[in-house]
Amino acid sequence: MYTLVIANKNYSSWSLRPWVLLRALRIEFEERLIPFGEPGSAALFKSLSPTARVPCLHDGDWRVWDSLAIVEYLAERHAGVWPTDSQARAWARSAAAEMHSGFQALRNECSMSCGQRVVLRTRSKALESDLHRI
Numbered sequence: 206m207y208t209l210v211i212a213n214k215n216y217s218s219w220s221l222r223p224w225v226l227l228r229a230l231r232i233e234f235e236e237r238l239i240p241f242g243e244p245g246s247a248a249l250f251k252s253l254s255p256t257a258r259v260p261c262l263h264d265g266d267w268r269v270w271d272s273l274a275i276v277e278y279l280a281e282r283h284a285g286v287w288p289t290d291s292q293a294r295a296w297a298r299s300a301a302a303e304m305h306s307g308f309q310a311l312r313n314e315c316s317m318s319c320g321q322r323v324v325l326r327t328r329s330k331a332l333e334s335d336l337h338r339i
């Protein structure tokens, strides 16, 4: 069984991504949650992930880090991660890659907090562009 090492899903979209996939596909896994900023958490991250960051998927002694790499690793082992149609799969991978590495203004100006409603009083042109793209 897999172990998914993550931080708080309310604040870490990187942690949330593989967690949602595993749950959606009903793939069994153990969740290992390490809160950010707790005493000893940095050392724990370092001991559980080659990059000392989350998420990190453990498959026995093997470690896969980075949310998109975890998705691809799971796709090689489980059906349903990507569409079977090649064009639909290419579109889905393109969209996932864009979400993974794009939308810099959105990331910089709108940090993730699932438990809090935030009203933006001002929006930069770059943020408006990201929101329009989405």
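Okay, so the sequence shown: first residue is 206 according to the numbering used here, each after it adds one.
Built from N, CA and C at the ideal position, the CB exists for glycine as well.
The structure displayed is predicted, hence computed values, not measured ones.
Buried/exposed call for residue i, threshold 16 Cβ in 10 Å
{"i": "R231", "result": "exposed"}
{"i": "C319", "result": "exposed"}
{"i": "W296", "result": "exposed"}
Segment limits, beta strand (DSSP E) that includes residue i
{"i": "Y207", "result": "Y207 to I211"}
Element boundaries [alpha helix (DSSP H), containing residue i]
{"i": "L311", "result": "Q309 to E314"}
{"i": "F250", "result": "S246 to L253"}
Residue i versus residue j: straight-line alpha-carbon distance, rounded
{"i": "L227", "j": "V323", "result": "29 Å"}
{"i": "W224", "j": "S217", "result": "11 Å"}
{"i": "K251", "j": "M304", "result": "26 Å"}
{"i": "H337", "j": "G285", "result": "29 Å"}
{"i": "S329", "j": "S220", "result": "27 Å"}
CB contact flag (residue i, residue j, <7 Å)
{"i": "F241", "j": "A212", "result": "yes"}
{"i": "A310", "j": "D290", "result": "no"}
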